[in-house]
């Protein structure tokens with residue numbers, strides 16, 4: 606049985622330049638951060654140090670001394686904004702139409718993990734089929750989303 610190959614993703618100018626210098630074919634796609642991918646953060650003012658403390662895990666706030674720390678805000682936002690508004694898949698030279706591959710770092714934002722605290726994280730890798738022009742991603746929330754409770 607033929608082994609499923611992995612397709613790498615270039616997300617920086619340096620990675621794109623390196624692939625081009627190696628005469629690799631690139632498939633560019635836009636990067637659109639999904640509103641479904643987010644993490645909540647609460648901000649507390651530390652009265653002793655005179656500075657703000659950022660808390661990502663709501664369980665951590667339970668141990669904070671209410672006399673020392675005062676909540677000053679809460680925000681839900683995308684966890685890490687991309688540096689570029691595009692990325693590129695580095696295509697293997699002999700990629701065949703209808704070949705199934707693993708996209709090591711899928712460009713399109715899809716939820717891959719959720720928590721009972723409301724956070725949702727990007728799917729890192731996924732199976733896809735090469736159509737000859739683009740990748741048809743094999744994704745369904747029921748199959749691909751992991752749920753963490755605790």
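Numbering (this note's numbering), first residue to last: 606 to 755.
Glycine included, C-beta positions come from ideal geometry on N, C-alpha and C.
Where residue i falls: helix, strand or coil (DSSP)
{"i": "residue 678", "result": "strand"}
{"i": "residue 758", "result": "No statement about residue 758 is possible, as the shown extent of the chain runs from 606 to 755 and does not include it."}
{"i": "residue 663", "result": "coil"}
{"i": "residue 656", "result": "strand"}
{"i": "residue 748", "result": "helix"}
{"i": "residue 668", "result": "helix"}
Counterpart residues of residue i in DSSP-defined beta bridges
{"i": "residue 696", "result": "630"}
{"i": "residue 720", "result": "753"}
{"i": "residue 612", "result": "708"}
Proximity winner among the options, relative to residue i (alpha-carbon distances)
{"i": "residue 652", "options": "682, 711, 675", "result": "675"}
{"i": "residue 639", "options": "667, 611, 655, 716", "result": "716"}
{"i": "residue 734", "options": "686, 706, 657, 617", "result": "706"}
{"i": "residue 630", "options": "708, 721, 722, 695", "result": "695"}
{"i": "residue 746", "options": "623, 641, 650, 620", "result": "641"}
{"i": "residue 754", "options": "728, 701, 744, 664", "result": "664"}
{"i": "residue 761", "options": "627, 669, 741, 709", "result": "Residue 761 lies beyond the stretch modelled for the chain, which goes from 606 to 755, so this question has no answer here."}
{"i": "residue 633", "options": "615, 644, 649, 626", "result": "615"}
{"i": "residue 645", "options": "662, 692, 686, 688", "result": "662"}
Rounded separation between residue i and residue j - CA only
{"i": "residue 673", "j": "residue 721", "result": "28 Å"}
{"i": "residue 624", "j": "residue 740", "result": "19 Å"}
{"i": "residue 655", "j": "residue 713", "result": "41 Å"}
{"i": "residue 718", "j": "residue 637", "result": "18 Å"}
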